[in-house]
Every structure is written in structure tokens, then in C-alpha cells.
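Top line first, the protein sequences correspond to chains V and B. Count along the first sequence starting at 1, add 1, and that's the number in my numbering. Count along the second sequence starting at 1, add 6, and that's the number in my numbering.
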Amino acid sequence: MDIIPQIIVNSLIAGSIYSLVTLGFNLVYGATRFVNMVPGVLAAIGGYTVYYLFNQLGSNLYLSIIAGILIAGIFGYLSDHLVFRKLRRNKASNLVSFVASLGIFTMLQAVISILFTSQFQSILDVTQSPTTYEIFGATFTWIQGLIFITAIVAFIGLALVLKKTGFGKAVRAVSDDEEVSKIIGINTDKIISWIFFIGSCLAGLSGIFIGFDTGIRPTMGLVIVLEGATASIIGGIGNIYGGFLGAFLLGFVENFGILKISGEWKPAISFGLLVLFLLFKPEGIMNKKK
Amino acid sequence: MSKTVKIIIWLIVIVVVIAIGVSLSKKGGDTGTGPIKIGFVGPLTGDAAGIGENLRAAVEVARDEINTAGGVKGRQIEVIFEDGQCDPKAAVNAGNKLVSVDKVVAIVGGLCSSETLAITPIAEQAKIPLVSPASTNPKITEAGDYIFRFVPSDLFQGKFAAEYLLKTMKKDKVGILYCLSDWCTGIESVFKQNFVDGGGKIVAEEGYQQDSRDLRSQITKVKAANPDIVYFLGYSDASIVGLKQLQELGVKVPIFGGDAWDDVKIAEGAGKAANDAMFSVTAAKEYAQSFVDAMKAKNADKELNTYSGRGYDILKVFADIMGRVGVDSTKIKVELYKVKDYQGIADTYTLDEKGDLSSANYSIKKFQNGKIILVQ
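Right under this line is the structure:
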């Protein structure tokens with residue numbers, strides 16, 4: 002049996018999940034310039050919202066998903082409104098903002114553990130076998146197909162919004178230089194709040210998908226942020242196009258990397274790739290050298 | 007007074023205070039009247055939290071029974087529960103706290119082999135007897151004089167699994183998936199050696215990180231090697247994901263696992279994907295109804311596994327020994343080596359000169375529609 006098609010599919014699935022996280026991560030990083038841990042816990046919040054509404058209350062699956070995305074978005078918005086906006090006004094350093102985000106991350110993670118226990122939970126009905134599809138001998142489930150399509154749609158949608166709309170122009174202006182944007186009359190606080198909301202919605206969506214594909218637990222956020230940050234550094238931190246490429250590059254390298262050697266090397270390969278980029282191309286694939 | 011004299015006087019004061027502090031803290035370990043402190047290390051969160059919570063409940067049941075019956079020589083037993091997270095780093099923190107801050111007289115735990123191997127140096131150095139109810143890694147045998155376990159080493163389980171696959175199931179081409187933790191790698195190496203010596207062939211051997219949730223490429227490689235059977239070693243969370251991904255990727259051959267699968271969460275979490283997957287597990291006696299009822303009262307009655315009873319037995323043995331020789335750690339240790347034919351609720355225990363169980367019996371269980379069923 003030829004395993005290459007299956008490895009390609011595996012890489013695409015991993016890349017799609019990374020890309021959703023990275024899109025939100027880069028969008029927020031571009032505007033605020035600090036490494037924000039909050040999206041990790043927002044992914045968990047998205048997943049747990051769906052778990053609560055769909056599994057425990059028996060609501061409609063699609064409504065639960067929308068609620069999960071929006072709640073993650075609202076939490077992200079609140080994190081900016083209550084914490085980061087004040088830090089920006091006080092001209093707090095990036096380190097302070099990072100530590101604050103770590104604080105929010107830890108606090109919300111603890112709250113989820115208290116509400117839902119720290120056990121691993123599956124969202125979808127496990128008494129049914131998932132529908133699987135096959136192309137060129139490679140199998141994938143419908144949810145994995147959906148993850149891939151959503152990743153592409155989210156990327157194209159976001160790219161169009163940034164390119165074509167006035168809002169997108171404002172976002173790009175804020176990402177270029179917040180001070181100058183303020184001077185020319187852009188309400189930067191409002192724009193950044195929206196960026197937080199959209200980025201957080203994407204984080205929530207990735208958490209929901211991870212929940213469908215494997216399962217959720219309160220501490221899932223750290224791994225998600227690490228993967229998102231890795232993909233984002235490889236692609237070019239703060240650059241959503243680069244982040245998208247970086248996510249898929251990471252997915253392909255770590256899955257193809259173990260084609261000939263044993264699977265235990267997988268994390269070593271992905272972090273090795275990160276180290277190589279940091280050493281030889283620290284600005285990432287898409288960013289220009291400064 | 008010159009400055010030098012002042013400094014010298016202050017230094018003397020500091021040294022005296024520290025000396026008094028040290029001597030007090032040594033005596034403070036056990037005052038002889040308060041409750042006797044016993045430490046517990048096990049995964050209350052993390053990859054094996056399901057088994058850990060179950061074990062905690064069983065230890066609480068034993069503690070309550072001992073205390074209701076009047077305690078040990080009139081003293082109550084207090085168990086201090088610390089979360090080892092099935093992770094060496096967390097276990098070291100837990101062990102240090104129990105030994106240095108709480109000054110426990112003995113420790114029940116850890117559960118995962120990586121927890122136990124991480125805290126054995128701490129217990130050994132502090133001369134505090136440690137008995138694990140569940141850690142099966144062969145290295146624990148040599149971990150020290152104060153280290154014991156009420157569960158057999160994987161030297162037995164790895165051999166048993168290899169023989170069961172070869173002789174009973176008649177499978178001689180195995181693909182191995184194993185997590186990178188002390189339990190998985192310990193049992194994997196024993197299994198591999200015995201399987202190859204028995205005439206079998208290892209067609210694929212793929213490791214994965216204990217907390218990984220994407221085993222697809224490893225599974226793809228195992229599948230491509232066309233094994234007759236997949237030997238899949240993992241803790242609960244990764245196993246749920248792995249069993250689902252084995253099904254998604256169309257692996258049709260039988261799946262066989264190790265004793266960490268004795269957790270009903272896997273059957274529930276993986277559902278249909280886990281159906282008919284079998285595993286070997288240390289044989290346990292059928293639990294008495296009183297124990298099952300007591301566990302039910304602690305909300306931990308779901309499919310009691312073999313470890314919970316062993317944890318219960320360890321605390322009972324501690325209480326029995328302390329009732330005879332007091333709370334001196336060295337005396338407790340000496341008595342532990344003398345445990346012979348002790349009739350516990352999970353097993354009959356006889357410890358050898360290394361602090362290991364001298365023999366082992368295994369049963370085969372399998373998952374079926376969200377439940378665990380005994381096969382033989």
C-alpha cells in the first residue's frame with residue numbers, strides 16, 4: 002500500500018487546524034505586538050461551550066457551534082476591553098502584556114476545570130462511526146474535510162476583508178503604526194477591539210474543531226498556542242498570509258519528517274524547523290527583513 | 007562596639023536560630039499525638055486522571071474505615087493528596103511537598119511509572135517508605151530500599167502479552183504504537199524481546215508523545231506495514247484519540263493494549279472505535295460488595311479497576327504495620343519486606359527482597375459498547 006496520499010491528507014488536516022489558530026494569532030499580534038496566550042484558552046472556551054450546549058443541554062449542533070464561536074469572541078473582546086486596552090494606555094511593555102495574558106489564560110483555564118472537571122471529553126456521539134471518505138487510497142472523516150474547507154474559507158475571507166474593505170484598511174494601518182493611525186483620525190481602540198473579537202472567534206472555532214476531531218480538556222490551550230506561535234514564526238509573525246503558509250508547512254514537515262524515521266521524532270522535527278527558521282530566517286517566510 | 011563585633015554577633019544569632027529551627031523541624035515530623043500523615047501521589051488531572059480519581063476514592067474509603075474503627079493506636083490517619091499529573095515534573099513537586107512540608111511517614115503512589123520513578127529518589131533519600139499501587143515499569147525494582155509496589159513488574163506483563171499474542175491469538179506479525187513515557191517504553195522493550203524470542207516479527211514500531219492528539223501518521227505507517235495485530239500502549243486520553251484514529255484510517259486487524267486501559271473512560275470516550283480492543287491487566291479478586299458500595303458513595307463506582315483495590319490495600323497494610331511498630335519509617339520499611347500472603351481485597355500479596363510482588367497473574371479484558379468486559 003502506498004502511504005504517501007494518506008500522509009498528505011494527514012498533513013493537510015494538521016495544517017488546517019494550525020492555520021485557524023495562526024490566523025487569529027497573527028491578526029492580534031499584528032495590531033498589538035505582544036505574544037498573547039489568551040487565544041489558547043479561548044479555543045478551550047469555544048470547545049466547552051459546544052460541549053455544554055450540545056452534549057449536556059442537547060441543543061442544536063449548528064446553533065451550539067455559532068454560540069461557541071461568539072462566546073470565544075466575546076471573551077477575547079472583554080480581555081482587550083478590561084485589561085489590554087488599559088495596559089496600552091499606560092504604555093506597558095510587551096512583557097507586561099504577555100504576563101497579563103498568561104494570567105488571564107491560567108485563570109480561565111482553572112475556571113473551566115472547576116466547571117467541567119479536568120477530564121478529557123469527546124463532543125461528537127461516539128456510538129456512531131464517523132462517515133469517512135477516500136481519495137487516492139487516503140481516508141478522512143467528514144469533520145476533517147470540513148476543517149480543511151473552513152480553514153481555506155476563513156483565510157480567503159479574512160484576506161478579502163483586509164484588502165477590500167475600509168475596515169481592513171484601518172486594520173492594516175493600525176498594524177503598521179498605531180500612533181500614526183490615531184493621529185490621522187482612526188479610532189484605534191475600536192479597531193483593536195474588533196481585531197480581538199475576530200481573532201478570538203477564529204481561536205474558538207479551532208477549539209471546537211479540535212473537540213470534534215479528537216476531544217477537549219481544559220489544558221488544551223497551551224499546546225494550541227505553542228503550535229499557533231510556531232506556525233506564525235515560521236510564516237512571519239504578524240503576517241496572516243505568512244501564518245497560513247507556515248501552518249501548512251509545519252503540518253507537512255512534521256508528518257513527512259517521520260515517513261522514514263520513527264514517529265517519536267515528530268515534535269523534535271517541528272521544533273527543529275522552528276529553530277532553523279529562528280537561526281536563518283527569523284523574519285519568517287513572508288515578512289521582509291528589517 | 008566595633009562594626010566587626012556587631013557582624014560576628016549577628017552571625018552567631020543567625021546560626022543559633024537556624025540550628026534551633028532545624029532541630030525543631032526534625033522533631034516536628036511526628037509529635038506522637040496528632041493525626042498520622044500519609045502522602046498520596048497520583049494523577050488527579052492530566053492524561054490518566056480517570057484512574058487517579060478512582061484510586062483517590064479507594065484510599066479515602068480505606069482511611070475512613072481505619073479512622074472509624076478508632077485509628078492507629080488511637081491516632082487518626084490523615085492522607086494528604088497531591089496531584090502528580092502522570093508527569094515527572096509535577097510528581098517531583100508533589101513528592102517534595104509531602105516529604106519536606108507535610109513530613110509524611112509513608113507515601114501511597116505514584117500511579118504512572120513516570121511519577122513513581124520521579125519521586126523514588128526523594129522518598130529514598132528521606133527514608134520514607136513508598137508503595138505504588140500501579141506503577142509497573144521494571145526499573146522501579148531497583149529504585150531503592152524504601153521503594154515497594156503492590157503491583158507486578160512489567161517483566162511479567164510484557165512476557166505475558168507476547169505469549170498471549172503468539173500462542174493464544176496466533177498472531178506473529180505485530181505493529182507497535184507506544185507512548186514516550188516510562189510505563190510505555192518499559193513494557194514495550196520487554197514485550198519486543200519476548201515476542202521476537204518467541205518467533206514473532208515486529209513489522210512496525212512507532213512512538214508518540216504522551217500528550218499528542220494526532221497519531222495519524224504513525225498509524226498510517228503501522229497500517230502500511232500490514233501487521234496481524236496492533237499492540238497499542240497508551241494512557242487514557244491518547245488512547246481514546248488513537249483508537250478513533252485507528253478506526254478512521256481503516257485499520258481492521260485486532261488491537262491489543264496494556265493495563266493502563268483498565269479505565270472505563272476509554273470505553274466511553276472512544277465508543278464504537280474501542281469495540282473489541284483487548285488488553286492485559288493484573289488479575290484482581292472480585293471486590294466485596296461493601297467496597298463497591300463505599301466507592302459508590304464516593305461517586306467512583308464506575309467499573310472499579312484493579313488499582314483502586316491495591317491503593318486501598320496499601321493503606322490498610324500501612325495501618326496494620328504502624329499499629330504494631332509505630333510510625334518510625336525504618337521500622338515500617340522492615341515490616342514491609344515481611345509482607346507475606348497478605349489477604350487484600352484486590353490480591354494476595356507477598357513481597358520479595360526487592361520490594362516487588364513475587365508472582366503475577368493477568369486477565370484479559372476488552373471494551374464493548376462503552377463497557378469493559380472480562381474475557382478470561
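A virtual CB, placed ideally from N, CA and C, is assigned to each residue, including glycine. Remember, it's a predicted structure, so these values are computed and weren't measured experimentally.
Cβ closer than 7 Å: which chain V residues qualify as neighbours of residue i?
i: ASP220/B; result: ALA15
i: VAL247/B; result: THR215, GLY216
i: GLU212/B; result: SER263, GLY264
i: SER223/B; result: ILE8, ASN11, ASN256, ILE259, GLY264
i: LEU186/B; result: GLU265
i: LYS179/B; result: Chain V residues near LYS179/B: none, gap ~15 Å exceeds 7 Å.
Take residue i and list the residues in its own chain whose beta-carbon comes closer than 7 Å to its own, dropping the five residues that flank it on each side.
i: TYR49/V; result: ILE113, PHE117, ILE217
i: LYS33/B; result: For LYS33/B, the pLDDT reaches just 46, beneath the cut-off of 50, and the residue's location in the model is therefore unreliable, although a value from the coordinates is still provided. Correct list: empty, nothing qualifies.
i: GLY35/B; result: Per-residue confidence for GLY35/B stands at a pLDDT of 49, beneath the threshold of 50, marking its modelled position as unreliable; no derived number is given.
i: LEU275/V; result: THR231, ILE234, ILE235
i: ILE246/B; result: ILE272, GLY275, ALA276
i: ASN56/V; result: ILE124
i: LEU103/V; result: MET38
i: GLY150/B; result: THR126, GLU130
i: ASP70/B; result: none
Given a cut-off of 8 Å, decide if residue j and residue i are closer than it, judged by their beta-carbon atoms.
i: GLU212/B; j: LYS198/B; result: no
i: ILE42/B; j: VAL333/B; result: yes
i: VAL65/B; j: LEU363/B; result: no
i: ALA300/B; j: VAL67/B; result: yes
i: PHE198/V; j: GLY69/V; result: no
i: ALA266/B; j: ARG316/B; result: no
i: GLY56/B; j: GLN120/V; result: yes
i: PHE46/B; j: TYR355/B; result: no
i: PHE373/B; j: ALA283/B; result: yes
i: VAL29/V; j: ILE196/V; result: yes
i: GLY41/V; j: GLY222/V; result: yes
i: GLY247/V; j: GLY285/V; result: yes
i: GLN216/B; j: SER187/B; result: yes
i: ILE83/B; j: GLY77/B; result: yes
i: LEU342/B; j: PHE154/B; result: yes
i: PHE141/V; j: ILE14/V; result: yes
i: PHE210/V; j: PHE156/V; result: no
i: GLY393/B; j: LEU117/B; result: For chain B, the structure presents residues 7 to 382; residue 393/B sits outside this window and is missing.
Would residue i count as contacting chain A if we go by Cβ distances under 8 Å?
i: ALA55/B; result: This model lacks chain A altogether, as its protein chains are V and B.
I'd like to confirm the pairing. Which residues does DSSP put opposite residue i in its beta bridges?
i: PHE285/B; result: GLY263/B, LYS371/B
i: ASN89/B; result: The sequence shown places Asp at residue 89/B, rather than the Asn named in the question. For ASP89/B, which the question treats as bridged, DSSP gives the partners GLY48/B.
i: THR354/B; result: GLN349/B
i: TYR237/B; result: ILE182/B, PHE262/B
i: VAL114/B; result: PHE46/B, VAL137/B
i: ILE208/B; result: VAL180/B
i: ARG81/B; result: VAL78/B
Leaving aside the five residues before and after residue i along the sequence, list all residues of the same chain whose C-beta is less than 6 Å from its C-beta, in chain order.
i: VAL340/B; result: none
i: ASN367/B; result: ALA289
i: PHE253/V; result: SER12
i: GLY350/B; result: ASP319
Name the chain V residues that come within less than 8 Å of residue i, Cβ to Cβ?
i: LEU255/B; result: GLN7, THR140
i: ASP243/B; result: PHE121, GLY216, ARG218
i: GLY275/B; result: PHE121, GLN122, SER123, VAL127, GLY216
i: LYS271/B; result: GLN120, PHE121
Taking C-beta pairs closer than 7 Å, name the residues in chain B that residue i reaches, listed in chain order.
i: SER130/V; result: GLN253, LYS278
i: PRO268/V; result: GLN215
I want to verify the contact list: residues of chain V whose CB lies under 9 Å from the CB of residue i, in sequence order.
i: SER119/B; result: Those do not exist, as SER119/B stays about 17 Å from chain V at its closest Cβ, beyond 9 Å.
i: ALA230/B; result: MET2, ASP3, ILE4, GLN7
Could you name the residues of the same chain whose beta carbon sits closer than 8 Å to that of residue i, not counting the 5 residues immediately before and after it, in chain order?
i: SER176/V; result: GLY31, ALA32, GLY239
i: ILE259/V; result: TRP266, LYS267, ILE270
i: ARG86/V; result: ASP190, ILE193, SER194
i: LEU172/B; result: ASP178, PHE201, GLY204, GLY205, GLY206
i: VAL180/B; result: LEU171, PHE201, GLY206, LYS207, ILE208, VAL209, PRO233, ASP234, ILE235, VAL236, TYR237
i: PRO158/B; result: THR142, THR288, ASP362, LEU363, SER365, ALA366
For residue i, return the contacting residues in chain B, with the cut-off set at a CB-CB distance below 9 Å.
i: THR189/V; result: Neighbours of THR189/V on chain B: none; closest Cβ ~38 Å, over 9 Å.
Taking Cβ-Cβ distances shorter than 8 Å, what residues in chain B pair up with residue i?
i: THR133/V; result: GLU254, GLY256
_Every unbroken alpha helix (DSSP H) within the segment 321-345 of chain B, with a cutoff of 4 residues, ordered by chain_ = Complete alpha helix (DSSP H) runs here, min 4: 335-343.
*Would you list, in sequence order, the uninterrupted beta strand (DSSP E) runs of no fewer than 3 residues that lie entirely inside the segment 126-192 of chain B?*
With a minimum length of 3 residues, the continuous beta strand (DSSP E) runs that stay inside the segment 126-192 of chain B are 136-138, 153-155, 179-185.
*Unbroken stretches of the alpha helix (DSSP H), 4 residues or longer, contained in the segment 134-197 of chain V*: For the segment 134-197 of chain V, whole alpha helix (DSSP H) runs of length 4 or above, ordered along the chain, are 143-165, 167-177, 179-184.
*What residue ranges within the segment 39-111 of chain V form continuous alpha helix (DSSP H) runs of no fewer than 4 residues, ordered along the chain?*
For the segment 39-111 of chain V, the continuous alpha helix (DSSP H) assignments of 4+ residues that do not extend past its boundaries occur at 39-51, 62-80, 86-90, in sequence order.
_Segments assigned alpha helix (DSSP H), at least 4 residues, entirely inside the segment 203-259 of chain V_ = Qualifying alpha helix (DSSP H) stretches, in chain order: 221-236, 241-258.
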